[in-house]
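A.B. asks: The working numbering puts the sequence shown at residues 9 to 347.
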Amino acid sequence: MDHGPDDQTGLVLAGGADLVAERVAGPFDMPWSVALLADGSFLVTERPGHLQHVRPGADTQPSRNSRGTLRRHVGLLDIALDPEFADSRLVYISYLQGEETSSAIKVLRARYEESDEAMTDEEVIFEGSTGASLELLGGRLALTRDGYLFLSLGDRWERDKAQDLSGTAGTIIRIRTDGTIPDDNPFRFREGARPEIWSYGHRNPQGLAFDRATGELWSDEHGPQGGDELNLIHRSGNYGWPIATFGVDYSGRAIAVNSEQPGTELPVHYWVPISIAPSGLTIETGPSSTEMWIGTLAGRSWSSSISPAIACSASIICSKISSAAFVTFASIQAARFMF
Ligand SMILES: [Ca+2]
Numbered sequence: 009m010d011h012g013p014d015d016q017t018g019l020v021l022a023g024g025a026d027l028v029a030e031r032v033a034g035p036f037d038m039p040w041s042v043a044l045l046a047d048g049s050f051l052v053t054e055r056p057g058h059l060q061h062v063r064p065g066a067d068t069q070p071s072r073n074s075r076g077t078l079r080r081h082v083g084l085l086d087i088a089l090d091p092e093f094a095d096s097r098l099v100y101i102s103y104l105q106g107e108e109t110s111s112a113i114k115v116l117r118a119r120y121e122e123s124d125e126a127m128t129d130e131e132v133i134f135e136g137s138t139g140a141s142l143e144l145l146g147g148r149l150a151l152t153r154d155g156y157l158f159l160s161l162g163d164r165w166e167r168d169k170a171q172d173l174s175g176t177a178g179t180i181i182r183i184r185t186d187g188t189i190p191d192d193n194p195f196r197f198r199e200g201a202r203p204e205i206w207s208y209g210h211r212n213p214q215g216l217a218f219d220r221a222t223g224e225l226w227s228d229e230h231g232p233q234g235g236d237e238l239n240l241i242h243r244s245g246n247y248g249w250p251i252a253t254f255g256v257d258y259s260g261r262a263i264a265v266n267s268e269q270p271g272t273e274l275p276v277h278y279w280v281p282i283s284i285a286p287s288g289l290t291i292e293t294g295p296s297s298t299e300m301w302i303g304t305l306a307g308r309s310w311s312s313s314i315s316p317a318i319a320c321s322a323s324i325i326c327s328k329i330s331s332a333a334f335v336t337f338a339s340i341q342a343a344r345f346m347f
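(1) Per DSSP, what are the beta-bridge partners of Val42 in this structure?
(2) Is any heavy atom in ligand 1 found nearer than 7 Å to the beta carbon of Thr179?
(3) Closest to His210 by CA distance: which of Gly245, Gly271, Ser283 and Trp40 is it?
(4) Here's the rule I'm using: 16 or more other beta-carbon atoms within 10 Å means buried, otherwise exposed. How should Ala140 be labelled?
(5) Unbroken alpha helix (DSSP H) runs of length 4 or more, entirely within the region 77-117: which are they?
(6) Could you check whether the Cβ of Tyr120 sits closer than 7 Å to any heavy atom belonging to ligand 1?
(7) Among residues of its own chain, excluding the 5 on either side of Leu157, which ones have a beta-carbon nearer than 6 Å to its beta-carbon?
(8) Please classify Gln171: does DSSP put it in a helix, a strand, or coil?
(9) Please indicate yes or no: does the CB of Trp226 lie closer than 7 Å to some heavy atom of ligand 1?
(10) Using a Cβ-Cβ cut-off of 7 Å (strictly less than) and excluding sequence neighbours within five positions of Leu240, which residues of its own chain qualify?
(11) Buried or exposed: where does Arg55 fall if 16 or more other Cβ atoms within 10 Å of its Cβ makes it buried?
(12) Relative to ligand 1, is the shortest distance from any of its heavy atoms to the C-beta of Trp206 smaller than 7 Å?
(13) Per DSSP, which one or two residues make a beta bridge with Asn212?
(14) Grab me the residues of Trp206's own chain with a C-beta within less than 8 Å of its C-beta, minus the 5 sequence neighbours each way, in chain order.
(15) How big is the Cα-Cα spacing for Leu51 and Tyr100?
(16) Under the rule that 16 or more other beta-carbon atoms within 10 Å means buried, what is Val132, buried or exposed?
(17) Going along the chain, which residues of its own chain have a beta-carbon closer than 7 Å to the beta-carbon of Arg153, five neighbours each way excluded?
(18) Looking at Ala217: is its Cβ nearer than 8 Å to the Cβ of Thr298?
(19) Where does Asp86 land, buried or exposed, given buried means 16+ other C-beta within 10 angstroms?
(20) Tell me whether Pro35 counts as near ligand 1, meaning its Cβ is closer than 7 Å to at least one heavy atom of that ligand.
(21) Please go through the same chain and pick out, in chain order, the residues whose beta-carbon is closer than 8 Å to the beta-carbon of Ser174, but skip the five residues on each side of it.
(22) Using 7 Å as the cut-off, classify the Cβ of Gly360 as near or not near the heavy atoms of ligand 1, replying yes or no.
(23) Could you tell me if Arg117 is buried or exposed, where buried requires 16 or more neighbouring beta carbons within 10 angstroms of its beta carbon?
(24) Indicate whether Ala88 and Ala46 have their beta-carbon atoms separated by less than 8 Å.
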């Protein structure tokens, strides 16, 4: 595996031999994301529409019951706790809703009461553009402590839309956690543009996380064949897809004439010629270093690598590693970067 332009970045790919996997819960039905609660329990979204609350020491065979009104949602994706969750009980869930050939990613805000595992005060605070494919969804959430919500959205196999600001395919969006749109969003007042867009030109940004020490927003992104990327996300940045990529099509045919284009952002790191299939991203800030964890599916076939089930398993690895408790599945690997 080529690790891309290391000399530009100072990133080091760890060997991974120090990863120890410990099974603490499961099996899950296409798990996609995990959120850790203060009492050591955690919430797991399952793609078919279930939200599981897994408690330490409890029976780890999860129930199969849907959580109330979440039943109607076609596909649960990410879950993120409000930074003030201890008081507000607010959670944010991204999910896919619609018909098989036409659906949109939305974000639900709701109060979650742990005592009765109930959702109340549900409110849809974002709805993306409709798409036909159920793949390359993105769907990852990242919140700031001062009330902003970021959501990554894949191109859903319509690559040219990633350069089209009139829709949200292939973008990362930014809204307030109450659903309002900030006036300082880059395209807030541009006619014909979706005002929620923060950055664009993304293919399938399936990891999204803040570095709490610096305030930087990072995203990992599935490239096509090769060309997986780690990007530092800037306001109004065009991340190149599909006019600039280091990857090629699955047929082996070149997609973009150039890997670089004026006006587009280069990845901080990229992988060629073999995809690592990046998924969940977690950034752990230590006293002297910052470590970035990326769930990967290296060595899997490409069709497996975009399966939400496997992708979400990888996200569980990343999320749990930072708390020194591990949930894993046998085939998943993780890439660790150290700054
Ligand atoms: Ca790119």
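Note that the Cβ used here is the ideal one computed from N, Cα and C, for glycine as well.
C.D. replies: Straight from the coordinates:
(1) Val52
(2) no
(3) Gly245
(4) exposed
(5) 93-96
(6) no
(7) Leu151, Ile183 and Thr185
(8) helix
(9) no
(10) Glu224, Trp226 and Val276
(11) buried
(12) no
(13) His230
(14) Phe158, Thr179, Ile180, Ile181, Arg182, Asn193, Pro194, Ile241, Arg243 and Ser244
(15) 12 Å
(16) exposed
(17) Pro91
(18) no
(19) buried
(20) no
(21) Gly200, Ala201 and Arg202
(22) No information on residue 360 is available, as it lies outside the stretch 9 to 347 that the chain covers here.
(23) buried
(24) no
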